[in-house]
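Participant: Take a look at this one; I'll ask things after.
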Ligand code: SF4
Ligand code: SF4
């Protein structure tokens with residue numbers, strides 16, 4: 169009987185020893201937070217999801233060239249002389265249609281190297297870090313603001329312009345060749361008179 173109560177006492181005491189740390193933390197301030205209901209304030213220079221302001225992008229490829237993992241894909245088409253694409257907010261003239269600007273954020277390592285060379289400061293790192301997806305293809309962000317139909321139209325106009333320019337160039341070259349062929353052949357050079365009189369024979 170005595171052994172029976174001793175075992176009960178040991179059982180209770182062992183549980184109390186095991187719960188000592190738990191009880192201690194019940195009365196100390198918590199260091200964890202109830203995410204996602206509560207969120208920590210991120211540091212000012214935190215690097216998370218990228219954002220591109222396409223109104224200011226001039227399609228210079230600087231960000232693409234700087235990216236160490238090649239996750240930026242840009243495609244541009246030269247605008248026609250008759251098209252005015254406007255200016256960036258930093259005062260640069262836009263000369264190229266940016267028909268594709270994709271960032272595969274699943275590959276991005278948040279190094280920020282694409283941000284620094286941008287001449288118009290239009291690619292930035294934001295503090296957005298909640299963008300998980302079930303399908304990784306949804307992590308390819310398309311920033312270009314032109315629609316597929318517009319891209320087709322822009323490319324067709326550019327191709328037509330190139331064709332016209334090539335035809336003009338060929339016609340100019342042909343005209344130059346014809347003008348050259350129509351010029352009279354240069355006359356043959358006249359025989360030179362002797363520069364010194366023949367020597368006089370002694371009388
Ligand atoms: S942050 Fe780094 S890895 Fe991500 S797109 Fe920019 S250069 Fe590439
Ligand atoms: S560096 Fe800036 S302006 Fe140039 S293509 Fe990239 S985002 Fe556009």
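In the working numbering, the protein residues as written are 169 to 371.
Built from N, CA and C at the ideal position, the CB exists for glycine as well.
#1: Examine the Cβ distances between the stretch 308-320 and the stretch 229-238 and report whether three or more of them are shorter than 8 angstroms.
#2: Take the Cβ of residue 267 as the centre, count every other Cβ of all protein chains shown within 10 Å, and call the residue buried at 16 or more, exposed below.
#3: Using a beta-carbon distance below 8 angstroms, is residue 237 in contact with chain B?
#4: Please classify residue 218: does DSSP put it in a helix, a strand, or coil?
#5: On the three-state DSSP scale, how would you describe residue 268?
#6: So is residue 254 buried or exposed if we call it buried at 16+ other beta carbons inside 10 Å?
#7: If you run the structure through DSSP and keep just helix, strand and coil, what is residue 371?
#8: With DSSP run on the structure shown, which of helix, strand or coil describes residue 245?
#9: Excluding five sequence neighbours on each side, which residues of the same chain lie with their C-beta closer than 7 angstroms to the C-beta of residue 304?
#10: From the DSSP output, in three-state form, read off residue 176 for me.
#11: Whose C-beta lies closer than 8 angstroms to the C-beta of residue 301 among residues of the same chain, with five residues either side of it excluded?
#12: Between residue 316 and the rest of its own chain, which residues show a CB-CB distance below 7 angstroms, the 5 nearest in sequence each way excluded?
#13: Tell me whether residue 269 is buried or exposed, calling it buried when 16 or more other Cβ atoms sit within 10 Å of its Cβ.
#14: Could you please give the first and the last residue of the uninterrupted beta strand (DSSP E) stretch that includes residue 292?
#15: Of the residues 340, 347, 256 and 265, which one's Cα is nearest the Cα of residue 319?
#16: Does the stretch 206-217 come close enough to the stretch 227-234 to have 3 or more Cβ pairs within less than 8 angstroms?
#17: Run through DSSP, which three-state label would residue 354 get?
#18: Could you give the C-beta distance for residue 290 and residue 224, rounded to a whole number, given that I count them as a contact under 8 angstroms?
#19: Can you grab the Cα-Cα spacing for the pair residue 188 / residue 296, in whole Å?
#20: Let's see if you can read the secondary structure: which residues bound the beta strand (DSSP E) around residue 273?
Facilitator: Straight from the coordinates:
#1: no
#2: Against the chain shown, residue 267 aligns to sequence position 99. Result: buried.
#3: The displayed structure is made up of one protein chain only, and chain B is not part of it.
#4: As a working note, residue 218 is residue 50 in the chain shown. Strand, per DSSP.
#5: Residue mapping note: residue 268 aligns to position 100 of the chain shown, counting from 1. Note: residue 268 maps to strand in three-state DSSP.
#6: Reading the chain shown from its first residue, position 86 is the one you call residue 254. Residue 254 is exposed by the Cβ-count criterion.
#7: Sequence index remark: in the chain shown, residue 371 carries index 203 (1-based). Note that residue 371 scores 46 on pLDDT, short of 50, meaning its location in the model is unreliable; the coordinates nonetheless yield the value given after this. Residue 371 falls in the coil class under three-state DSSP.
#8: Taking the chain shown and counting its residues from 1, the one referred to as residue 245 is at position 77. If DSSP states are grouped into helix, strand and coil, residue 245 belongs with the strands.
#9: For the purposes of this step, residue 304 is taken as residue 136 along the chain shown, with counting starting at 1. For residue 304, where only same-chain residues beyond five positions count, the Cβ hits under 7 angstroms are 274.
#10: To locate residue 176, count along the chain shown from 1; it is residue 8. Residue 176 falls in the helix class under three-state DSSP.
#11: Counted from its first residue, the chain shown places residue 301 at position 133. Same-chain partners within the cutoff: 307.
#12: If you number the chain shown from 1, residue 316 lands on position 148. Cβ within range, chain order: n/a, list empty.
#13: Stepping through the chain shown from its first residue, residue 269 is reached at position 101. Buried.
#14: Position 124 of the chain shown holds residue 292. It spans 291-293 - the beta strand (DSSP E) in which residue 292 sits, taken as one unbroken run.
#15: Stepping through the chain shown from its first residue, residue 319 is reached at position 151. Among 340, 347, 256 and 265, the Cα nearest to that of residue 319 is on 265.
#16: no
#17: For the purposes of this step, residue 354 is taken as residue 186 along the chain shown, with counting starting at 1. If DSSP states are grouped into helix, strand and coil, residue 354 belongs with coil.
#18: For the purposes of this step, residue 290 is taken as the residue at position 122 of the chain shown. For the purposes of this step, residue 224 is taken as the residue at position 56 of the chain shown. Correct: roughly 4 angstroms between the Cβ atoms.
#19: Working through the chain shown from its first residue, we reach residue 188 at position 20. Working through the chain shown from its first residue, we reach residue 296 at position 128. Each residue's alpha carbon lies about 40 angstroms from the other.
#20: Along the chain shown, read from residue 1 onward, the residue named residue 273 stands at position 105. No beta strand (DSSP E) contains residue 273, which DSSP labels as neither H nor E.
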